[in-house]
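Down below is the structure, laid out as structure tokens.
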Amino acid sequence: EHRTEKGTLSIAEMQYSNLKLGELRATLNQTATGITFAGNLKNQFLKALSAEFSGHSKLLRTNNYETNVHFEISYPETAPEIKLERFLPTAKGFTFKGKLLEVGDIFMKSGAISGSTRMMLENGRLLHRENNISVSGIQTDLFIEKLIDMRSAPGQQIKFAKASFGG
Numbered sequence: 001e002h003r004t005e006k007g008t009l010s011i012a013e014m015q016y017s018n019l020k021l022g023e024l025r026a027t028l029n030q031t032a033t034g035i036t037f038a039g040n041l042k043n044q045f046l047k048a049l050s051a052e053f054s055g056h057s058k059l060l061r062t063n064n065y066e067t068n069v070h071f072e073i074s075y076p077e078t079a080p081e082i083k084l085e086r087f088l089p090t091a092k093g094f095t096f097k098g099k100l101l102e103v104g105d106i107f108m109k110s111g112a113i114s115g116s117t118r119m120m121l122e123n124g125r126l127l128h129r130e131n132n133i134s135v136s137g138i139q140t141d142l143f144i145e146k147l148i149d150m151r152s153a154p155g156q157q158i159k160f161a162k163a164s165f166g167g
């Protein structure tokens, strides 16, 4: 029998640039070549958001380490609308509502980072009540083939049922 050491990781506040991501919790298991991990991210402003991740790191080869992370983020259509300015100050006054599912992978090997993600949005609604801006019925299935550069695959579409601006 091969026993591994287990542990936990907790980070009270994750932040990327000015974007507050939330609290991270994970379990870690030591393996013969490194660690495996699984956890989630909780955001105090988006309690209905589910953000799960898992992966493994090969750390014993000092000149050729690697880490693979798989993640899944979802937000149900029945959840409260999101005030976008809490995450992007330039989106002040805009709210968003809709069903979101994002699944992706991040790979780190010898200092290089790559990854891709697929985001599906159904029945989305973007509002700015003060300026009477509304876009509803937003649908998209977006594949970002270069996650680090935020470069999407060519020829993708975003659809919406109705848009209104002002009166």
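Start counting the sequence shown at 1; every next residue gets the next number (the numbering used here). Every residue gets a Cβ at the ideal spot worked out from N, C-alpha and C, and that includes glycine.
- Burial is judged here by how many other beta carbons sit within 10 angstroms of a residue's own beta carbon; residue 16 has fewer than 16 and is exposed.
- When secondary structure is reduced to three states using DSSP, residue 12 falls in the strand class.
- The C-beta distance from residue 121 to residue 138 rounds to 6 Å, short enough to meet the 8 Å contact threshold.
- Taking the C-beta atoms as reference points, residue 136 is found no nearer than 8 Å to residue 64.
- About 5 Å separates the Cβ atoms of residue 134 and residue 164, confirming a contact at the 8 Å cut-off.
- Taking C-alpha positions only, residue 28 is separated from residue 44 by approximately 24 Å.
- Listed in chain order, the beta strand (DSSP E) elements of length 3 or more contained wholly in the region 41-116 are 50-58, 66-75 and 94-109.
- Per DSSP, residue 17 lies in no beta strand (DSSP E) segment and is marked neither H nor E.
- In this chain, the beta strand (DSSP E) harbouring residue 145 covers 133-146.
- Residue 158 and residue 167 have their alpha carbons spaced roughly 24 Å apart.
- Boundaries of the beta strand (DSSP E) harbouring residue 165: 162-165, taken from the DSSP string.
- For residue 128, same chain residues with a beta-carbon under 6 Å away, outside a window of 5 residues either side, are 93 and 94 in chain order.
- The C-alpha of residue 132 is placed about 41 Å away from the C-alpha of residue 69.
- Put simply, the backbone Cα of residue 79 is about 18 Å away from that of residue 52.
- Scanning its chain for C-beta atoms nearer than 6 Å, with the 5 sequence neighbours on each side dropped, one finds around residue 11 the residues 24, in chain order.
- Collapsing the DSSP output to three states places residue 39 in a strand.
- When the five nearest sequence neighbours on each side are left out, the beta carbons in the same chain lying within less than 6 Å of the beta carbon of residue 103 are those of 72 and 118, in order along the chain.
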